[in-house]
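Chains as they are written, first to last, in the working numbering: chain V, 95 to 348; chain U, 23 to 330. Built from N, CA and C at the ideal position, the CB exists for glycine as well. Below is one structure; the comments refer to it alone.
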């Protein structure tokens, strides 16, 4: 099997996974509504009570973006787990195709879904009064950070889907992803939390990503948060990629 | 004779649990070979090993000349697997499923499109082409499953319990399809727990029980191992039953149904003689029927051990 057939096979699998993503109207609608509803809720319902210095919408956009990415990754975990409990993976494995192409399909579809949600978050934010002061270079950098984060969380979710095996368990995992942003600097600054929680909030992987994006968009100090964010994302990828490859071949050869 | 599958001493165990205990197998090219056995006999494990999804603990096998251990990719190019659960994407349509699989077989775009059209016609799926497979009946899903397997005619087609869960009409349809594939010269390895299915389709049958092949042969050979025709006599009352058991040399007796089964060669002369004896003894007979031993009888007599 050559590199070119691996690319061909992956393209077929990407088409498959993307098609599947758009075939479930309820899930797709939920994924689109979530950013809109969360944005309106955080800005208009909670926003008035939040004191983060300046407009709350300026503070909350990076956190909401990561929350939606977490939701999107949860979908990925569930769809990978579903695939593993289905006979079709046996058929794929018994064909002369590249084993990794199935996972590549899932990851690319996950990135596509997440980018749509990201665009929606940014669009709605601009509508409700978000005014970032980023330069074009800072915009480019922020898109790079978002892409890197989405790639890492998608691969992590796919690995979790493989590991957990059942769609129900994968659903549980996506709940964790959905709640992680609340214990970070996504919605309130960490120094408003009790000290034991602050330690976690300041050192969990979402916080440096959020702080980096906030810095790029709003001009708050970034410090070394950008490097920490990159280290987290690359670290997650460095573990997830080989682990998912191993889990995939183990899962299907039971 | 050329063999599409040869296997020697295949073993597989999970911890202490032995699933396959030294399987030897030879499947002649162009034949239908059936693995028959109860649930848990090891049928699916054997299929998964031969389809390169599982590595055996020991033993060797070749599929169409490709060695399982040294050339699994070669094996994958000549086989097609239809699993116990239909191996199709339920979210995609019938046409999309076929297209996807044709692309994964690396058919050129135009050839792929033509092949998909042909298969939709051949497997009677034209009207359902744009419907999601999730909305299909069990029979339609199996037809699609088989159509996918035929995108490139495989040397060896695995049918793992192809009619489990299907209604009788769909089962007949699947059998019809399988017979057509056989006419096309495809070698088929069929696993089933339905004896009738093996009887209907298979050239040779191996009975698998507890991880070993306990008998192998044609359906007729397997049936002959437990004897020929039987004359089944149902008596009208307990007294006649007791005397019939005492006088007629019955092979099987059933006290509850008051019936006995006497071996015969099936010739009219012998049956007339037997009936005359019943008359002479003055036995009250309710009903007389002739019975052919079925594969069920073979199956039950061979797998009694594990059921007990």
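{"Asked": "Among residues of its own chain, excluding the 5 on either side of residue 305 of chain U, which ones have a beta-carbon nearer than 7 Å to its beta-carbon?", "Found": "257, 262, 265 and 266"}
{"Asked": "Do we get a CB-CB distance below 8 Å when we pair residue 109 of chain U with the residues of chain V?", "Found": "yes"}
{"Asked": "Which residues in chain U sit within 7 Å of residue 188 of chain V, going by Cβ to Cβ distance?", "Found": "73, 74, 75, 98, 101 and 103"}
{"Asked": "Taking a Cβ distance cut-off of 7 Å, strictly less, list which residues of the segment 168-188 of chain U are near chain V, in chain order.", "Found": "none"}
{"Asked": "Beta strand (DSSP E) containing residue 274 of chain U: first to last residue?", "Found": "274-276"}
{"Asked": "If you reduce the DSSP assignment to three classes, tell me which class residue 330 of chain U lands in.", "Found": "Unreliable placement is indicated for residue 330 of chain U, whose pLDDT of 44 sits below 50; the coordinate value is still reported in the next sentence. Coil, per DSSP."}
{"Asked": "Residue ranges of each beta strand (DSSP E) run of no fewer than 3 residues wholly in the segment 252-326 of chain U, ordered along the chain?", "Found": "252-257, 274-276, 281-285 and 307-313"}
{"Asked": "Assign residue 169 of chain U to one of three DSSP states: helix, strand, or coil.", "Found": "helix"}
{"Asked": "Starting from residue 7 of chain U and walking both ways along the beta strand (DSSP E), at which residues does that stretch end?", "Found": "Residue numbering for chain U in the displayed model covers 23 to 330; residue 7 of chain U lies beyond these limits and cannot be assessed."}
{"Asked": "For residue 266 of chain V, name the three-state secondary structure that DSSP assigns.", "Found": "helix"}
{"Asked": "Give the interface partners of residue 125 of chain U over in chain V, defined as CB-CB distance under 7 Å, in chain order.", "Found": "106"}
{"Asked": "In the DSSP assignment, find the alpha helix (DSSP H) that holds residue 180 of chain U and state where it starts and stops.", "Found": "Where residue 180 of chain U is concerned, there is no enclosing alpha helix (DSSP H), although the beta strand (DSSP E) it sits in stretches over 178-182."}
{"Asked": "Assuming contact is defined by CB atoms lying nearer than 8 Å, are residue 136 of chain V and residue 158 of chain V in contact in what I supplied?", "Found": "yes"}
{"Asked": "So, helix, strand or coil for residue 101 of chain U, using DSSP?", "Found": "strand"}
{"Asked": "Quick one: residues in its chain with C-beta nearer than 8 Å to the C-beta of residue 147 of chain U, no 5 flanking neighbours on either side, listed in chain order?", "Found": "116, 141, 162, 165, 166 and 169"}
{"Asked": "Evaluate the contact criterion for the segment 187-198 of chain U versus the segment 116-129 of chain U: three or more CB pairs, one atom per stretch, below 8 Å.", "Found": "no"}
{"Asked": "Reducing DSSP to helix, strand and coil, say where residue 59 of chain U ends up.", "Found": "coil"}
{"Asked": "I want to verify the contact list: residues of chain U whose CB lies under 9 Å from the CB of residue 102 of chain V, in sequence order.", "Found": "125, 126 and 128"}
{"Asked": "With a threshold of 8 Å on Cβ separation, who are the neighbours of residue 201 of chain U within its own chain once the five nearest residues in sequence on each side are excluded?", "Found": "223"}
{"Asked": "State yes or no: is the C-beta of residue 272 of chain V within less than 8 Å of the C-beta of residue 126 of chain V?", "Found": "no"}
{"Asked": "Pick out whichever of U/113, U/87, U/79 and U/247 has its Cα sitting closest to the Cα of residue 38 of chain U.", "Found": "U/79"}
{"Asked": "Could you work out which residues of chain V lie near residue 13 of chain U, taking near to mean beta carbons separated by less than 7 Å?", "Found": "What the structure shows of chain U is the stretch from 23 to 330, and residue 13 of chain U is not part of that stretch, so it cannot be assessed."}
{"Asked": "Indicate whether at least one CB of chain V lies closer than 8 Å to the CB of residue 162 of chain U.", "Found": "no"}
{"Asked": "In the structure shown, what three-state DSSP assignment does residue 348 of chain V receive?", "Found": "With a pLDDT of 47 at residue 348 of chain V, under the threshold of 50, the predicted position of this residue should be treated as unreliable, though the coordinate-derived value follows. In this structure, residue 348 of chain V counts as coil in the three-state DSSP scheme."}
{"Asked": "Measuring straight from C-alpha to C-alpha, what distance separates residue 205 of chain U and residue 53 of chain U?", "Found": "10 Å"}
{"Asked": "What does residue 193 of chain V reach in chain U if we use C-beta pairs closer than 9 Å?", "Found": "Those do not exist, as residue 193 of chain V stays about 11 Å from chain U at its closest Cβ, beyond 9 Å."}
{"Asked": "For residue 171 of chain V, which residues in the same chain have their Cβ closer than 6 Å to its Cβ, ignoring the five residues on either side in sequence?", "Found": "251, 254, 255, 264, 267 and 268"}
{"Asked": "Are the beta-carbon atoms belonging to residue 233 of chain U and residue 113 of chain U less than 8 Å from one another?", "Found": "no"}
{"Asked": "Assuming residue 84 of chain U and residue 28 of chain U form a contact by the criterion Cβ under 8 Å, report the distance between their Cβ atoms to the nearest whole angstrom.", "Found": "5 Å"}
{"Asked": "In the segment 169-210 of chain V, which residue ranges form an unbroken alpha helix (DSSP H) of at least 4 residues, counting only runs that do not cross its ends?", "Found": "182-187"}
{"Asked": "Measure the C-alpha to C-alpha separation of residue 63 of chain U and residue 311 of chain U and round it to an integer number of angstroms.", "Found": "34 Å"}
{"Asked": "Just curious, the alpha helix (DSSP H) that residue 316 of chain V is in, first and last residue?", "Found": "Where residue 316 of chain V is concerned, there is no enclosing alpha helix (DSSP H), given that its DSSP letter is neither H nor E."}
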